[in-house]
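>
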Amino acid sequence: MISLRPRTIVIIGAGPLMSRSLSLYLASHNWQIILISRNHSSLLSLASEINDLNPKAPKVLVHAGDASIPSSLHKALDWAVEQLGGKVDVLCYNAAHVVPSPILELKPEALTQDFNITALGTLVAGQWYMHNANTSRISQGEHPLFLVPGGLLDKYPDPNISALCATKSASQCLVKMFQQVMLPKGILVGAPIVGGEVVNEGKMSPDRIVDGVFRPFFEERERYKGNEGNWVLERIWLPDGGYGSTRTDV
Numbered sequence: 024m025i026s027l028r029p030r031t032i033v034i035i036g037a038g039p040l041m042s043r044s045l046s047l048y049l050a051s052h053n054w055q056i057i058l059i060s061r062n063h064s065s066l067l068s069l070a071s072e073i074n075d076l077n078p079k080a081p082k083v084l085v086h087a088g089d090a091s092i093p094s095s096l097h098k099a100l101d102w103a104v105e106q107l108g109g110k111v112d113v114l115c116y117n118a119a120h121v122v123p124s125p126i127l128e129l130k131p132e133a134l135t136q137d138f139n140i141t142a143l144g145t146l147v148a149g150q151w152y153m154h155n156a157n158t159s160r161i162s163q164g165e166h167p168l169f170l171v172p173g174g175l176l177d178k179y180p181d182p183n184i185s186a187l188c189a190t191k192s193a194s195q196c197l198v199k200m201f202q203q204v205m206l207p208k209g210i211l212v213g214a215p216i217v218g219g220e221v222v223n224e225g226k227m228s229p230d231r232i233v234d235g236v237f238r239p240f241f242e243e244r245e246r247y248k249g250n251e252g253n254w255v256l257e258r259i260w261l262p263d264g265g266y267g268s269t270r271t272d273v
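Each residue of the sequence shown is one higher than the last, beginning at 24 in the working numbering.
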């Protein structure tokens with residue numbers, strides 16, 4: 024495993040699965056981590072666990088913020104960037120509402136709320152990051168990264184989780200458009216694609232997924248060096264526990 028330079032990350036939608044494993048990975052490399060979600064007590068508990076397991080790393084900071092409300096998300100992000108000295112190396116948007124939503128029973132207001140969490144929040148976060156990404160090291164070959172996990176629900180929709188399928192599809196479309204406008208500014212966009220249900224143990228566990236498809240984005244962003252190398256937008260982790268395929272868009 025390559026040792027990462029100690030940098031900064033803000034994770035929106037921090038929870039007990041993927042965000043926890045990602046935070047533990049980065050804390051082991053002495054990153055300064057800021058976690059944002061609606062539940063402040065859960066954030067404090069998660070931060071305490073990460074701090075206890077990585078006592079030499081900078082203390083994890085937390086801020087309550089509702090990703091579905093632009094003003095709330097902006098307030099949390101503005102607070103975060105102030106704690107980090109004005110710029111952010113990596114912004115990870117991982118907010119989504121994962122609950123059953125049978126298509127024939129889905130109420131319009133429920134879809135609207137889930138859309139605000141998953142897709143509208145992606146839009147707000149990406150627009151904010153355009154003005155707050157740390158571009159000071161681009162001349163040295165290290166680029167800031169906007170990281171938004173996705174799935175295969177846009178290609179294989181499930182009518183039992185219809186809201187998640189629809190809103191994640193919209194989010195992933197936004198991510199692809201953000202890449203088109205961010206890359207010319209030197210800001211990279213990454214989409215770790217999780218091709219199945221995340222569980223606590225086994226091949227689809229958060230630790231395995233983070234190591235398989237999150238870690239490469241962090242390693243590659245340090246040595247991208249602009250047009251000298253191709254950047255892979257999507258890295259896919261499949262239920263068989265393997266690195267399935269990638270698509271190079273630039």
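All residues carry an ideal CB built from backbone N, CA and C; glycine is no exception.
Based on DSSP bridge pairs, tell me the residues matched to glycine 213.
Mapped onto the sequence shown, residue 213 falls at position 190. Answer is Leu170.
> Please look up how many angstroms separate the CB atoms of proline 78 and histidine 52, rounded, as I've assumed it's under 8 Å.
Residue numbering aside, residue 78 sits at position 55 when the sequence shown is read from its first letter. Residue numbering aside, residue 52 sits at position 29 when the sequence shown is read from its first letter. In fact, because the Cβ distance is near 14 Å, the residues do not count as touching under 8 Å.
> Could you compute how far the alpha carbon of isoleucine 35 sits from the alpha carbon of leucine 127?
Numbered from 1 along the sequence shown, position 12 holds the residue referred to as residue 35. Numbered from 1 along the sequence shown, position 104 holds the residue referred to as residue 127. Each residue's alpha carbon lies about 31 Å from the other.
> Alpha carbon to alpha carbon, what distance is there between isoleucine 59 and lysine 82?
Locating residue 82 in the sequence shown gives position 59, where the first residue counts as 1. Locating residue 59 in the sequence shown gives position 36, where the first residue counts as 1. Between lysine 82 and isoleucine 59, the C-alpha separation is close to 15 Å.
> Counting pairs of beta carbons, one from the segment 117 to 125 and one from the segment 137 to 156, are three or more of them closer than 8 Å?
Taking 8 Å as the limit for Cβ pairs, the verdict is that the segment 137 to 156 does touch the segment 117 to 125.
> Evaluate contact between the segment 153 to 171 and the segment 195 to 209, counting only Cβ atoms and requiring at least three cross-stretch pairs below 8 Å.
Yes, the segment 153 to 171 touches the segment 195 to 209.
> Per the DSSP calculation, valine 113 is bridged to which residue(s)?
Start at 1 with the first residue of the sequence shown, and residue 113 comes out as number 90. DSSP, once it has assigned bridges, lists Ile32 and Leu168 as partnering valine 113.
> Is the beta carbon of arginine 246 less than 9 Å from the beta carbon of glutamate 132?
Reading the sequence shown from its first residue, position 223 is the one you call residue 246. Reading the sequence shown from its first residue, position 109 is the one you call residue 132. No, they are not a contact pair.
> Thinking C-beta only, is valine 233 closer than 9 Å to proline 167?
As a working note, residue 167 is residue 144 in the sequence shown. As a working note, residue 233 is residue 210 in the sequence shown. In this structure, valine 233 does not lie closer than 9 Å to proline 167 by Cβ.
> So who's on the other strand from histidine 86, going by DSSP bridges?
Mapped onto the sequence shown, residue 86 falls at position 63. Ile59.
> Where do the N-terminal and C-terminal ends of the alpha helix (DSSP H) with arginine 231 fall, by residue?
Your numbering for residue 231 matches position 208 in the sequence shown. Looking at the DSSP string, the run of the alpha helix (DSSP H) that includes arginine 231 is 229 to 232.
> Along the chain, where does the alpha helix (DSSP H) containing valine 198 start, and where does it finish?
For the purposes of this step, residue 198 is taken as the residue at position 175 of the sequence shown. That run of the alpha helix (DSSP H) goes 185 to 205.
> Compute the distance between the beta-carbons of isoleucine 32 and isoleucine 57, then report whether it is under 9 Å.
To locate residue 32, count along the sequence shown from 1; it is residue 9. To locate residue 57, count along the sequence shown from 1; it is residue 34. It is a contact, given that the beta carbons lie within the stated cut-off.
> Once you ignore the five residues that flank alanine 103 on each side, which residues in its own chain have a CB closer than 8 Å to its CB?
Locating residue 103 in the sequence shown gives position 80, where the first residue counts as 1. Val33, Ile57, Ile59, Leu84, His86 and Val111, listed in sequence order.
> How is glutamate 245 classed by DSSP in three states: helix, strand or coil?
Taking the sequence shown and counting its residues from 1, the one referred to as residue 245 is at position 222. Reduced to three states, the DSSP call for glutamate 245 is coil.
> Exposed or buried, what is lysine 278 when buried is set at 16 or more other beta-carbons lying within 10 Å of its beta-carbon?
Only positions 24 to 273 of the chain appear in the structure, and residue 278 is not among them; the question remains open.
> Contact between the segment 255 to 265 and the segment 204 to 214 is defined here as three or more beta-carbon pairs at a separation below 8 Å; is this criterion met?
At 8 Å Cβ cutoff, the stretches touch.
> Let's test the definition: count the other Cβ atoms within 10 Å of the Cβ of lysine 178 and tell me whether it reaches 16, buried, or not, exposed.
Numbered from 1 along the sequence shown, position 155 holds the residue referred to as residue 178. Label assigned to lysine 178: exposed.
> Are the CB atoms of alanine 189 and leucine 134 within a distance shorter than 9 Å?
Residue numbering aside, residue 134 sits at position 111 when the sequence shown is read from its first letter. Residue numbering aside, residue 189 sits at position 166 when the sequence shown is read from its first letter. The answer is yes: Cβ separation under 9 Å.
> Alanine 118 by DSSP, collapsed to three states: which one?
Here the question's residue 118 lines up with position 95 in the sequence shown. Residue state, collapsed to three classes: coil.
> So, for asparagine 155: in the same chain, excluding its five sequence neighbours on each side, which residues have a beta-carbon less than 7 Å away from its beta-carbon?
Here residue 155 refers to the residue found at position 132 of the sequence shown. Excluding sequence neighbours, asparagine 155 sits near Val104, Lys110 and Val111.
> For glycine 267, I'd like the list of residues in its chain whose CB is within less than 8 Å of its CB, leaving aside the five on either flank, ordered along the chain.
If you number the sequence shown from 1, residue 267 lands on position 244. Confidence in glycine 267 is poor, its pLDDT being 46 and thus under 50, which makes the residue's placement unreliable; the coordinate value appears in the next sentence. Once the five neighbours on either side are set aside, the close Cβ partners of glycine 267 are Gly218, Ile259, Trp260 and Leu261.
> Taking DSSP's pairing of strands, which residues face alanine 156 in a bridge?
The sequence position of residue 156 within the sequence shown is 133, counting from 1. In the DSSP output, where bridge partners are listed per residue, alanine 156 has Val111.
> Bridge partners of serine 124, per DSSP?
The count along the sequence shown starts at 1 and reaches residue 124 at position 101. Partner(s): Ile184.
> If you run the structure through DSSP and keep just helix, strand and coil, what is tryptophan 102?
On the sequence shown, residue 102 is found 79 positions in, with the first residue counted as 1. Here tryptophan 102 sits in helix by DSSP.
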